[in-house]
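Colleague: Please find one structure pasted underneath; my questions will follow.
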Amino acid sequence: MSVTKNQMVELFIEGITSEGNGVGRYQGQAIFVPLTAPGERVQVQIAKVAKQYAYGILRQVLEPAACRIEQDCPVYRRCGGCQLRHITYEEELRQKQQMVADCFARIGKITAEMLPILPSPQTEHYRNKVQFPVQEDSQGKPQIGFFAPRSHRLVAAQNCLLQPTLLNEIAQYCCVLMEKYHIPAYNEQTHKGLVRHIYLRQGYHSGQVLLCLVINGTNLPSGSKFCADIQQKFPEVCSIVLNINQQKTNVITGTKSVCLVGKEYIQDNMCEVPVQIGPLSFYQVNTPAAEQLYHVAADFAQLKPTDVLLDLYCGMGTIGLSMYHQCKQLIGVEVIPEAVESAWNNAKAMNAENVRFLCADAGTAATQLAKEGLQPSVIVLDPPRKGCDEATLNAVVEMAPERIVMISCNPATAARDVAILCGKGYVAQKIQAADLFPRTKHIETIVQLSRV
Ligand code: SAH
13 MSVTKNQMVE LFIEGITSEG NGVGRYQGQA IFVPLTAPGE RVQVQIAKVA KQYAYGILRQ
73 VLEPAACRIE QDCPVYRRCG GCQLRHITYE EELRQKQQMV ADCFARIGKI TAEMLPILPS
133 PQTEHYRNKV QFPVQEDSQG KPQIGFFAPR SHRLVAAQNC LLQPTLLNEI AQYCCVLMEK
193 YHIPAYNEQT HKGLVRHIYL RQGYHSGQVL LCLVINGTNL PSGSKFCADI QQKFPEVCSI
253 VLNINQQKTN VITGTKSVCL VGKEYIQDNM CEVPVQIGPL SFYQVNTPAA EQLYHVAADF
313 AQLKPTDVLL DLYCGMGTIG LSMYHQCKQL IGVEVIPEAV ESAWNNAKAM NAENVRFLCA
373 DAGTAATQLA KEGLQPSVIV LDPPRKGCDE ATLNAVVEMA PERIVMISCN PATAARDVAI
433 LCGKGYVAQK IQAADLFPRT KHIETIVQLS RV
């Protein structure tokens, strides 16, 4: 018998799902309840019923778990950013380790050695990238915040705890200046107004800040005064860029950018690789945690000086370049032109000569490289959330590298893809979860595979 809407039930929370919800069972049926912690007894009101499961709202914690902590953010669970602020970081790590282990056991049927999860060096203020949507409040003043989950309703928030205080302050000051110079915020309903997003990036090691205003137009009124005010108050800002997005779309950035101050990118480094960070390229958001991840990748790759390394889904080329000195030749593949351009510049800045970056779909490029007879000793795969496609995996297997290092921000698709590779002559040796996204449900996974 299923629960019914509005019914009150008492539950014991057994664990946390990959969505960050607590899960308990009522007469065998799984009930998902946000804001609950594993090991506690709660009273829950059923909110939504599906065939196999239901969603509930926490009404009362009857016996709190030892891992439960005070929530410290006024918009927690309303802004959609964090899911795990109500449990200790130790428990978060335990849950994430379990999530990855479950995916590999259930989806991948893989029994490789599972190393202990790597915690993030910082658990707050770690994001080097900030994207605030801007809207007018009821008084017509520009305000920043975040869209509520699965909606475009702005939850006003100025001091996100995942973001550096400096970046929060710069975004707040942008709103002050928008008012001062009568620059309107964008309105999604009417498609009128100008500023859609305030987008910031900061080099973790360099401290340099890039400010990008995403606008529904082609220029910023009082632009030079706006920039002068920003630079006077925040000397860290060395680039100010307008990104033009005049489409009626959910996509944040447009393809065209105009530089108002400095260059179109800032400089930083990652694992000693000099990097140029522009507004459009993918760049790991948690630099010190990503550096740890890259060290694991290098450890799993076990490169020799005679080796050829193929880095598929290479972004700005940082993973491959961080291992460049350990091998003979590096080839990177990435689909976003700006990222490929940055990758070339990064290679040039480190005088890396035996390097090639191809701007192409990973599957198409890998198929072509396999046809040309390329035989890399190691292939690094770091696909987006949806994982690798069949063409990519087939071409990888055809090139027959000794080792494959699979990196992924989605353990479910990683487990699926690793299982496919395991069916085609590879064996998974080690699995390492690495936390790049503390306080959120997200987790990074890295797997070492070798050819049998
Ligand atoms: N390895 C990089 C980037 C990983 S994120 C780093 O550590 O920084 C995944 C990258 O894959 C993104 O840069 C994205 O633009 C790229 N990408 C997405 N789909 C792709 C495809 N079909 N072919 C090639 N690259 C793709």
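Counting in the numbering used here, the sequence shown runs from 13 upward without gaps. Ideal placement from N, C-alpha and C gives every residue a C-beta, glycine not left out. Please read these numbers as outputs of a predicted model, since none were measured by experiment.
(1) Tell me, please, which residues DSSP counts as bridged to I99.
(2) Using a 10 Å radius around the Cβ and a threshold of 16 neighbouring Cβ atoms, would you call R139 buried or exposed?
(3) How long is the line joining the alpha carbons of N257 and Q201, rounded to whole angstroms?
(4) Beta-carbon separation of M335 and A364 under 8 Å?
(5) Relative to the C-alpha of A361, which candidate in A301, M411, R90, M328 has its C-alpha closest?
(6) Would I43 pass as a contact of G27 if the rule is Cβ separation under 8 Å?
(7) Is any non-hydrogen atom of ligand 1 found closer than 7 Å to the C-beta of I264, if you look at the structure I gave you?
(8) Tell me whether F369 counts as near ligand 1, meaning its Cβ is closer than 7 Å to at least one heavy atom of that ligand.
(9) Please give me, in chain order, every unbroken run of the alpha helix (DSSP H) with length at least 4 that falls completely inside the stretch 323 to 349.
(10) Assuming contact is defined by CB atoms lying nearer than 8 Å, are V249 and L225 in contact in what I supplied?
(11) Could you tell me whether the stretch 275 to 294 touches the stretch 126 to 139, using the rule of 3 or more Cβ pairs below 8 Å?
(12) I want to check one thing, is the minimum distance from the CB of Q296 to the heavy atoms of ligand 1 below 7 Å?
(13) Can you tell me which of the three DSSP states V188 falls into?
(14) Which residue or residues does DSSP assign as beta-bridge partners of D280?
(15) Looking only at its own chain, which residues have a Cβ that is under 8 Å from the Cβ of D429, when we skip the five neighbours before and after it?
(16) Which runs of the beta strand (DSSP E) fall wholly inside the stretch 395 to 438 and span at least 3 residues, in chain order?
(17) For ligand 1, is there a heavy atom less than 7 Å away from the beta-carbon of G399?
(18) Does the distance between the C-beta of D373 and the nearest non-hydrogen atom of ligand 1 fall short of 7 Å?
(19) Using a Cβ-based criterion (distance less than 7 Å to any ligand heavy atom), does C271 qualify as near ligand 1?
(20) Residue range of the alpha helix (DSSP H) that L292 falls in?
(21) Pull up the distance between the alpha-carbon of Q304 and that of Q39, whole angstroms please.
(22) For H98, count neighbouring C-beta atoms within 10 Å of its own C-beta (all shown protein chains included) and say buried if the count is 16 or more, exposed if not.
(23) Are the beta-carbon atoms belonging to C434 and I122 less than 8 Å from one another?
(24) Given I119, which residues of its chain have a CB within under 8 Å of its CB, disregarding the five upstream and five downstream residues?
(25) Looking at L174 and C94, is the spacing between their C-beta atoms short of 8 Å?
(26) Could you pull out every residue in the same chain whose Cβ sits closer than 8 Å to the Cβ of D149, ignoring the five residues on either side in sequence?
(27) Quick test of your reading: V352 and C371, contact by CB under 8 Å. State the CB separation rounded to the nearest angstrom.
(28) Considering only residues of the same chain and omitting the five flanking positions on each side of L74, which have a CB-CB separation below 8 Å?
(29) Compare the C-alpha of I416 against each of Y306, N255, I391 and name the closest.
(30) With a Cβ-Cβ cutoff of 8 Å, do L254 and S234 count as a contact?
(31) Rounding to the nearest angstrom, what Cα-Cα distance links A359 and R213 in this structure?
(32) Which residue from L127, I343, V61 puts its Cα closest to that of L321?
(33) Check whether the Cβ atoms of V263 and A197 lie closer than 8 Å to each other.
(34) Taking 7 Å as the line, does the beta carbon of P396 fall inside it for any heavy atom of ligand 1?
Modeller: Looking at the atomic coordinates:
(1) R80
(2) buried
(3) 15 Å
(4) no
(5) M328
(6) no
(7) no
(8) no
(9) 330 to 334
(10) no
(11) no
(12) yes
(13) helix
(14) V287
(15) L393, P395, G399, C400, L405, M418, S420
(16) 415 to 420
(17) no
(18) yes
(19) no
(20) Here L292 belongs to no alpha helix (DSSP H), and DSSP marks it neither H nor E.
(21) 44 Å
(22) buried
(23) yes
(24) A424, A427, R428, A431
(25) yes
(26) Q155, A168
(27) 4 Å
(28) E22, E52, R53, V54, Q55
(29) I391
(30) no
(31) 21 Å
(32) I343
(33) no
(34) yes
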